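Chains as they are written, first to last, in my numbering: chain P, 1 to 260; chain C, 1001 to 1231.
See structure below.
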């Protein structure tokens, strides 16, 4: 119906965005009227989302004319911003920003570097930035889940952890069961995405590739590659965190810090 | 090591927390000296700083000032893990690790590279009155049974000093009496030096050689039960 009102691709896109934004606001207001704690911030969130994604669109359009490596600083900046978002999820964790930055640099940064060097991700701006941003964004979610779950486990098992310390356990050993539980829990969405791929859902990127005329079979294989990269990046960042995070929650005298 | 060194000595121990609203004193100017086999009861109301004191003795918390000496040596110069093996602790709740009772008993020595023999584990579990419970899953134990296993777990490290942080306060009356008797017997039989935190005056009178009374984070009395605890 919208294509009857809008005749250029840009105007059609803006019309589609406005239509879904209005629908989202209506749904949020309805939910708020039923007692849900959403509503007021939704218009702002939607506005912020559209501005951010438009900026990226303009940025990619501008960068398409430049060499591929100009995408690298963009991805690096994304990792820095992602680390600030993870830190907000765990404000009580000392050094959360540096920790998240290191973990995502190892996870998303490491995977994107290796995949580009292997030629699995083509070094083209049009591929590097969308694929990179997907890997970084999902890595950020996995990292937030890991740290959030881990700190929750530490808070609710303080007695067990201090009992282990009191028996002479090393800090890493005392929190070992909670690191493993958090590692497992944080990767559940990524593993479930792989498990249900094509059966329960057809991811956005694959749908986009098919819509733009790519062979559906190639699009499916490429989507598998992306999801596997997300899983690998998440696993690497969480493994890095399992080594780094105990140092943040224990003092040099191997005492468990008070968290929050 | 000096020949007349106390087994455990605290000198002018204090702990202050830095908080946004200003520093908060949790404990100040605590001192005592315990020889081999002596039991010190630390008495006081909630918030008096009893647990804080205990946690500074095995360095689960760090003193802001003062010093703890174990066999005459400053505990700050010791590796915290080695110190905690030498100063065992039983907490208010058992906080057992998931799995079998035997695995809990093996835990402490395993942290120091020592694998207990099955017979040693059985012996420790028997000493706390739980013979035959080695393979029992700890999730099936009652509060009193779990506390017995936690005592066996602490003893497995063969500590020189035992810290007891209100070990009977979370138990029903019957279990409370049984655990108190068990601990008193084990401490006497092994001639262990012991710091026993309690808010129960009668319990302190029954088990202690010395009493330290705390009030609002400071000492309000130190001496024998006869001197400090009138019937």
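From the three backbone atoms N, C-alpha and C, an ideal C-beta is built for every residue, glycine too.
These figures come from a predicted structure and were not determined experimentally.
- Residue pairing by DSSP places residue 1042 of chain C opposite C:1197 and C:1212 in a beta bridge.
- If you draw a straight line from the Cα of residue 1110 of chain C to the Cα of residue 1197 of chain C, it is about 28 Å long.
- Residue 99 of chain P and residue 241 of chain P have their alpha carbons spaced roughly 7 Å apart.
- Here the alpha carbon of residue 109 of chain P sits roughly 14 Å from the alpha carbon of residue 239 of chain P.
- Pairing residue 1086 of chain C with residue 1207 of chain C gives a Cβ-Cβ distance that is not under 8 Å.
- When secondary structure is reduced to three states using DSSP, residue 1136 of chain C falls in the coil class, being assigned neither helix nor strand.
- Note that the C-beta distance between residue 1090 of chain C and residue 1150 of chain C is below 8 Å.
- One finds 166 in chain P with Cβ atoms closer than 7 Å to the Cβ of residue 1089 of chain C, taken in chain order.
- The Cβ-Cβ distance between residue 1170 of chain C and residue 1093 of chain C falls below 8 Å.
- Of all alpha-carbon atoms in C:1101, C:1191 and C:1200, the one lying nearest the alpha-carbon of residue 1165 of chain C is that of C:1200.
- When P:76, P:27, P:52 and P:183 are compared, the shortest CA-CA separation from residue 245 of chain P is found for P:183.
- Across the structure, residue 1016 of chain C and residue 1163 of chain C are spaced so that their CA atoms are roughly 22 Å apart.
- Residue-level contact by beta carbon fails for residue 1071 of chain C and chain P, as no gap is shorter than 8 Å.
- Residues of chain P with a Cβ closer than 7 Å to the Cβ of residue 1018 of chain C do not exist, since the nearest Cβ in that chain sits about 11 Å away.
- Residues 60, 63, 64, 66, 68, 70 and 71 of the same chain have their beta carbon placed closer than 8 Å to that of residue 125 of chain P, with the five preceding and five following residues left out of the count.
- Legend: CB atoms of the stretch 1116-1146 of chain C lying less than 8 Å from CB atoms of chain P are not found in any residue.
- The C-alpha of residue 92 of chain P is placed about 5 Å away from the C-alpha of residue 260 of chain P.
- Against chain P, the CB of residue 1080 of chain C has a partner CB under 8 Å away; the residue lies at that interface.
- Here DSSP, grouped into helix, strand and coil, assigns residue 102 of chain P to helix.
- Counting the other CB atoms within 10 Å of its CB gives residue 257 of chain P a total below 16, which places it among the exposed residues.
- Residue 133 of chain P sits away from residue 206 of chain P, with the two beta carbons spaced by 8 Å or more.
- The residue from P:97, P:89 and P:52 with its alpha-carbon nearest to that of residue 141 of chain P is P:89.
- Against chain C, the beta carbon of residue 41 of chain P has no neighbour under 7 Å; the closest one sits roughly 28 Å away.
- Annotated three-state conformation of residue 1062 of chain C is coil, per DSSP.
- Residues of the stretch 1032-1062 of chain C whose Cβ lies closer than 8 Å to any Cβ of chain P, in chain order: 1058, 1059, 1060, 1061 and 1062.
- Close to chain C, meaning a Cβ-Cβ distance shorter than 8 Å, are the following residues of the stretch 140-160 of chain P: 159 and 160.
- Residue range 1218-1223 is occupied by the beta strand (DSSP E) that includes residue 1222 of chain C.
- Membership of residue 115 of chain P in any beta strand (DSSP E) is not indicated; the residue belongs instead to the alpha helix (DSSP H) covering 110-118.
- Secondary structure note for residue 1010 of chain C: its beta strand (DSSP E) is the uninterrupted segment 1008-1017.
- Chain order gives the chain P residues near residue 1084 of chain C as 165, 166, 167 and 168, where near means a beta carbon separation below 8 Å.
- Going by DSSP, residue 46 of chain P is part of the alpha helix (DSSP H) stretching over 41-63.
- When rounded, the separation of the alpha-carbon atoms in residue 1059 of chain C and residue 159 of chain P is 15 Å.
- Within the same chain, Cβ atoms closer than 7 Å to the Cβ of residue 97 of chain P are found at 83, 84 and 87, the five residues on either side in sequence being excluded.
- Among the CB atoms of chain C, none fall inside 8 Å of the CB of residue 195 of chain P.
- Of all C-beta pairs linking the stretch 247-255 of chain P to the stretch 115-124 of chain P, fewer than three are shorter than 8 Å, placing the two stretches out of contact.
- If you look at residue 1024 of chain C, you'll find it in the beta strand (DSSP E) that goes 1024-1034.
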